[in-house]
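Colleague: Could you have a look at this structure, given as structure tokens, before my questions?
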Ligand code: FEO
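Here's what the structure looks like:
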């Protein structure tokens, strides 16, 4: 779509990907953007590139501002290929004097592209790069979310180029937060956090503390995906604080898959008990809800009730997928239980319970099983389980421990 000037002499030169629908297991129904930024100064610097198939968008945008061969420095804030895929072509075209990256970034670039001959210039937190009128200061953000990750801060512009941090997978013709609906924007940002950064929440809290300690004056945050925060950079930092503490509301999820609607009937009965005790709830059938949308709901939920019919001595494939994905993202500070119908062997509840224990979910009771179709007494047990879970969740609030035990 061509370059967009985001500050005097600072340009967005990224690419819009309207059609991507899967981002390593994360559903992206509204596409994404790969943001790159060009800073025009006595020395000209390009911050990150784009996914390889979009290299022409990047080159075309740069060419509308300047001959790409005049770029002096390529800063690689993050090596994942949605940002560095076009780097080999850009380096060939630009032949930069320096490729600036973290030490882990240098290793990752060599591992990805086998180029030991590039003019790497390794930086650490606090190192600076003089562009002339501007100075770039680097902040390593190791494991947020890759070992190589770092951010670049330009104090003269009060601009933080935040790599994946504060991003959203959302393709739009607009470039700034104040040009789009705020609730939709924060919804995409929450989904991004829940699916990319949740497991690194303790590091996010440390990063926010570090940025506060450094006293960085920020009036714009430009992430590598989605909209640029110019109206409300403090708002997204506050949201990251809340999400990283895994603060939850009076919200329970009943997440299930069902074979012949027996487990589904149990799910509805559990929901009745949750509601009776004052919990809001959502029923999420895994045949109809993508794992990454479920994780977004998990972010601010306090109770997780997971159900599956038993199949082939195990659990439904969707539940196996969900548990594997959820375990990797490490939600914290939840209570819950398992439930499910069975015909003869009935392992599902036991297997789900074991997975919940591995995730440090505080279990309420031993779960509920029902043979073939739930009878009245089975449904009553489910409703009672819902009540017990609600009370345990509300007790967490009373005890003030509904945020993750690591706290801030
Ligand atoms: Fe947007 Fe970690 O790449």
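Numbering (this note's numbering), first residue to last: 276 to 683. Backbone N, C-alpha and C fix where the C-beta goes; we use that ideal spot for every residue, glycine too.
Helix, strand or coil for residue 380 per DSSP?
Modeller: helix
Colleague: If you pair each beta-carbon of the region 336 to 348 with each one of the region 294 to 304, do three or more pairs fall below 8 Å?
Modeller: no
Colleague: Verify whether the separation of the beta carbon atoms of residue 451 and residue 545 is less than 8 Å.
Modeller: Cβ distance not < 8 Å, so residue 451 and residue 545 don't count as in contact.
Colleague: Taking only the alpha-carbon atoms, compute the straight-line gap between residue 679 and residue 388 and give it to the nearest angstrom.
Modeller: Annotation note: pLDDT 37 at residue 679 (below 50); position unreliable, no value reported.
Colleague: Any heavy atom of the ligand FEO within a distance shorter than 7 Å of the CB on residue 392?
Modeller: no
Colleague: Rounding to the nearest angstrom, what Cα-Cα distance links residue 464 and residue 306 in this structure?
Modeller: 13 Å
Colleague: Measuring only from the beta carbon, is residue 463 closer than 7 Å to any heavy atom that is part of the ligand NAD?
Modeller: The ligand NAD is absent from the structure shown, which contains only the ligand FEO.
Colleague: Confirm, please, whether the CB-CB distance from residue 289 to residue 325 is below 8 Å.
Modeller: One thing to note: residue 325 has its Cβ within 8 Å of the Cβ of residue 289.
Colleague: Reducing DSSP to helix, strand and coil, say where residue 628 ends up.
Modeller: helix
Colleague: What is the DSSP secondary structure of residue 396, reduced to helix, strand or coil?
Modeller: strand
Colleague: What does the Cβ neighbour count give for residue 563, buried or exposed, with the cut at 16 atoms within 10 Å?
Modeller: exposed
Colleague: Residue 472 and residue 420 - do their beta-carbons sit closer together than 8 Å?
Modeller: yes
Colleague: Using only CA atoms, which one of 505, 459, 646 and 303 lies nearest to residue 534?
Modeller: 646
Colleague: Whole angstroms is fine: what's the gap from residue 550's alpha carbon to residue 488's?
Modeller: 43 Å
Colleague: Since residue 404 sits in a beta bridge, which residues does DSSP pair it with?
Modeller: Beta-bridge pairing links residue 404 to 411.
Colleague: Quick one: measure Cβ to Cβ for residue 608 and residue 521, integer angstroms, because I've assumed they're closer than 8 Å.
Modeller: 5 Å
Colleague: In angstroms, rounded to a whole number, what distance separates the CA positions of residue 393 and residue 523?
Modeller: 47 Å
Colleague: Contact defined as beta carbons within less than 8 Å: I believe residue 664 pairs with residue 626. What is the distance between those atoms, to the nearest angstrom?
Modeller: With 8 Å as the limit, residue 664 and residue 626 do not qualify as a contact, their Cβ atoms being about 19 Å apart.
Colleague: With a cut-off of 8 Å on the beta carbons, I'd call residue 560 and residue 438 a contact; round off their distance for me.
Modeller: About 36 Å separates the two Cβ atoms, so there is no contact after all.
Colleague: Looking at residue 684: is its Cβ nearer than 8 Å to the Cβ of residue 303?
Modeller: Not covered by the structure: residue 684. The range shown for the chain is 276 to 683.
Colleague: Mapping DSSP to helix, strand and coil, what is residue 538?
Modeller: It is helical.
Colleague: Rounded to a whole number of angstroms, what is the C-alpha to C-alpha distance between residue 440 and residue 496?
Modeller: Computed Cα separation, rounded: 9 Å.
Colleague: Counting along the chain, where does the alpha helix (DSSP H) carrying residue 461 start and finish?
Modeller: 457 to 467
Colleague: Just to check, is the beta-carbon of residue 357 closer than 7 Å to a non-hydrogen atom of the ligand FEO?
Modeller: Relative to the non-hydrogen atoms of the ligand FEO, the Cβ of residue 357 comes within a distance shorter than 7 Å of at least one.
Colleague: Quick check: the Cα distance between residue 339 and residue 278, rounded to an integer number of angstroms?
Modeller: Put simply, the backbone Cα of residue 339 is about 7 Å away from that of residue 278.
Colleague: Under the three-state reduction of DSSP, which class applies to residue 682: helix, strand or coil?
Modeller: Reliability fails at residue 682, whose pLDDT of 32 lies under 50, so the model's placement of it is uncertain and the value that follows must be treated cautiously. Coil.
Colleague: Between the C-alpha atoms of residue 553 and residue 575, what's the straight-line distance to the nearest angstrom?
Modeller: 16 Å
Colleague: Just to confirm my understanding: we take residue 628, look at its own chain, exclude 5 residues before and 5 after, and list those with CB closer than 7 Å. What are they?
Modeller: Contacts found: 613, 638 and 642.
Colleague: Cutting at 6 Å between CB atoms, please list the residues of its own chain near residue 365, excluding the five before and the five after it.
Modeller: 324
Colleague: What residues in its chain sit with their C-beta under 6 Å from that of residue 332, if we drop five residues either side in the sequence?
Modeller: 290
Colleague: Please state whether DSSP places residue 355 in a helix, a strand or coil.
Modeller: coil
Colleague: State the DSSP-derived secondary structure class of residue 522, mapped to helix, strand or coil.
Modeller: coil
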